[in-house]
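What follows is a single structure, written as structure tokens, with notes after it.
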Ligand code: NAD
């Protein structure tokens, strides 16, 4: 199948490679030349631009940072035409970025008017899951469109959930990431307290992992350097899931909570914690670096 893949960052790059490994004809594009060069070196076919990538594509997958990037790409920006005008009628767009549900619905409506199918399919599982092809997909859209996408999603993920109509995947994703932001801050706080008392972070993490405090960060993504060899914490907090992306997701959750008149006190506090961490210059580091603001200095 001819697939266009737009957005080759920490997540999109390995996801596109998994589709190519499965035998699909992938034409990829990213605005960042270093990202394109890295993936070209891994054997991915890089198109000259997004319009060239979607020529003749049956499926278009996007993995971009935020709402404005997805809206700008598909609907146009600064007088530039949107990509929907270049995508073949009858094609399927799968947007895996984490964005506002309202933006997914807006793009889906325009796609439908152009005879193009659309689903939102944000993911969870981190860069490790993207590389291993074990992501969790949270899909919003019709059953029929999900079934069209399923064989491709199965090449990139291990769990595929149908959350509801277009936008429902995004709503599930911001609930999950609000919890993730809270649990990473809480896990960091607990490890920092133990270490300040002289405990070995590896031993403490293992105790909590096997106790009632066990969670995903303690299983796979420990914020303390050296506990998990492959976690961003052990690589200078490079790659992974950026603090600014977590801040965006916590902001989406708070906007939604305001609209729903929902009470999300810990989500609100977590947003403020990551905002302070970003302002202190850590926006580009993996979000688990939040432990730095909770650790004793010197
Ligand atoms: P990233 O910043 O590493 O990559 C995004 C890429 O999109 C960049 O390379 C950028 O150049 C490119 N881009 C932006 N606008 C573009 C455009 N118009 N055309 C082409 N390329 C464009 O981000 P990421 O970590 O890969 O995350 C992507 C999305 O997935 C985000 O919405 C994020 O919240 C979500 N997500 C990330 C993780 C993670 O662990 N990193 C996990 C789950 C979900």
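Residue numbers (the working numbering): 1203 to 1500.
C-beta: ideal position from N, C-alpha, C; glycine also.
Quantities reported herein were computed from a predicted structural model and do not represent experimental measurements.
{"Asked": "Does the separation of the CB atoms of residue 1294 and residue 1261 fall below 8 angstroms?", "Found": "yes"}
{"Asked": "For residue 1404 versus residue 1429, is the C-beta spacing smaller than 8 angstroms?", "Found": "yes"}
{"Asked": "Ligand 1 and residue 1362: does any heavy atom of the ligand fall closer than 7 angstroms to the residue's C-beta?", "Found": "no"}
{"Asked": "If you count every other CB in all the chains shown that lies within 10 Å of the CB of residue 1375, and 16 or more means buried, which is it?", "Found": "buried"}
{"Asked": "Note down, one range per segment and in chain order, each alpha helix (DSSP H) of at least 4 residues found wholly within the stretch 1233 to 1263.", "Found": "1235 to 1243, 1252 to 1256"}
{"Asked": "Please report how far the alpha carbon of residue 1258 lies from the alpha carbon of residue 1203, in whole angstroms.", "Found": "10 angstroms"}
{"Asked": "CB-CB under 8 angstroms to residue 1445, same chain, minus the five flanking residues each way: which ones, in chain order?", "Found": "1476, 1479, 1480, 1484, 1485, 1486, 1487, 1488, 1489, 1491, 1492"}
{"Asked": "For a test of the three-state rule: what should DSSP assign to residue 1279, helix, strand or coil?", "Found": "strand"}
{"Asked": "State the DSSP-derived secondary structure class of residue 1409, mapped to helix, strand or coil.", "Found": "helix"}
{"Asked": "By Cβ distance below 8 angstroms, which residues in the same chain neighbour residue 1316 in space, the five residues on each side in sequence not counted?", "Found": "1286, 1287, 1289, 1291"}
{"Asked": "In the DSSP output, which residue or residues are listed as bridge partners for residue 1444?", "Found": "1488"}
{"Asked": "For residue 1325, is the beta carbon positioned less than 7 angstroms from some heavy atom of ligand 1?", "Found": "yes"}
{"Asked": "Verify the contact flag: residue 1320, CB atom, against every heavy atom of ligand 1, threshold strictly below 7 angstroms.", "Found": "no"}
{"Asked": "Within 10 Å of its beta-carbon, does residue 1209 have 16 or more other beta-carbons around it, so buried, or fewer, so exposed?", "Found": "buried"}
{"Asked": "So residue 1392 is in the alpha helix (DSSP H); what residue range does that whole segment cover?", "Found": "1370 to 1398"}
{"Asked": "CB of residue 1231 to nearest heavy atom of ligand 1: below 7 angstroms?", "Found": "yes"}
{"Asked": "For residue 1472, which residues from the same chain have a beta carbon less than 8 angstroms from its beta carbon, with the 5 sequence-adjacent residues on both sides left out?", "Found": "1380, 1383, 1384, 1387, 1452"}
{"Asked": "Cα separation between residue 1337 and residue 1347?", "Found": "19 angstroms"}
{"Asked": "Please report the distance separating the alpha-carbon of residue 1460 from that of residue 1372.", "Found": "16 angstroms"}
{"Asked": "Are the stretch 1463 to 1470 and the stretch 1420 to 1436 in contact at 8 angstroms, needing three or more beta carbon pairs?", "Found": "no"}
{"Asked": "Check residue 1326 in the structure and name its three-state DSSP category.", "Found": "strand"}
{"Asked": "Can you tell which of 1325, 1419, 1474 has its C-alpha closest to the C-alpha of residue 1335?", "Found": "1325"}
{"Asked": "On the CB-based measure, 16 or more other CB atoms within 10 Å of its CB, does residue 1298 come out buried or exposed?", "Found": "buried"}
{"Asked": "Could you spell out the range, first to last residue, of the beta strand (DSSP E) harbouring residue 1206?", "Found": "1204 to 1208"}
{"Asked": "Tell me which residue opens and which closes the alpha helix (DSSP H) that residue 1294 is part of.", "Found": "Residue 1294 -> not in any alpha helix (DSSP H); beta strand (DSSP E) instead, spanning 1294 to 1297."}
{"Asked": "Exposed or buried, residue 1352, counting other C-beta atoms within 10 Å across all chains shown (16 or more means buried)?", "Found": "exposed"}
{"Asked": "How about residue 1220: is its Cβ closer than 7 angstroms to a heavy atom in ligand 1?", "Found": "no"}
{"Asked": "Please state the DSSP three-state secondary structure of residue 1342.", "Found": "strand"}
{"Asked": "Is the beta carbon of residue 1371 within less than 7 angstroms of some heavy atom of ligand 1?", "Found": "no"}
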